[in-house]
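In the UniProt record's numbering, the protein residues as written are 1 to 154.
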């Protein structure tokens, strides 16, 4: 399946954005519209930070294990996601880039490595659902960044 990428520009610096995203507990604040029952383990931030959540999308619920597998401050965080009893394996990658006019562009790419047959058969619908949910994630992330690291407080 083709990956899904969404992006948003924010007034915070790449360092501020990365510092916020690096803490696994912060992710609940901007993804709880479709990820619930957060249980975190491992370190609070960086490689090895883990969470188990319940994802509710497209009328179905499934458990998802999330683990940070790469971290390159202040540019990139890669999370490994396993769900559907191991039949779905994907990576979620946050990329943070400086904007010429100041602030940062935050992108999130969800890329499937393995997907259940139903996901593959309904790929256009699955991708559209993920894109819609992750656009909301980006808007909510921007609002959380404003509360956590106001641009005027730099």
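Glycine is no exception: its CB is placed at the ideal position from the N, C-alpha and C atoms.
Collapsed DSSP secondary structure at residue 8 in the structure displayed:
In this structure, residue 8 counts as strand in the three-state DSSP scheme.
Do you know how far the Cα of residue 111 is from the Cα of residue 69? Taking C-alpha positions only, residue 69 is separated from residue 111 by approximately 14 Å.
Q) Apart from the five residues on each side of it in sequence, which residues of its chain come closer than 7 Å, Cβ to Cβ, to residue 74? A) 14, 15, 18 and 96.
- Task: Could you tell me the distance, in whole angstroms, from the CA atom of residue 150 to the CA atom of residue 10?
- Result: C-alpha separation (whole angstroms): 10 Å.
ask   = Secondary structure at residue 46, three-state DSSP: helix, strand or coil?
value = Reduced to three states, the DSSP call for residue 46 is coil.
For the alpha helix (DSSP H) that residue 143 lies in, which residues bound it at each end? Counted as a single uninterrupted DSSP element, the alpha helix (DSSP H) harbouring residue 143 occupies residues 123-148.
field: Start-to-end residues for the beta strand (DSSP E) that takes in residue 37
entry: Note, residue 37: beta strand (DSSP E), 35-41.
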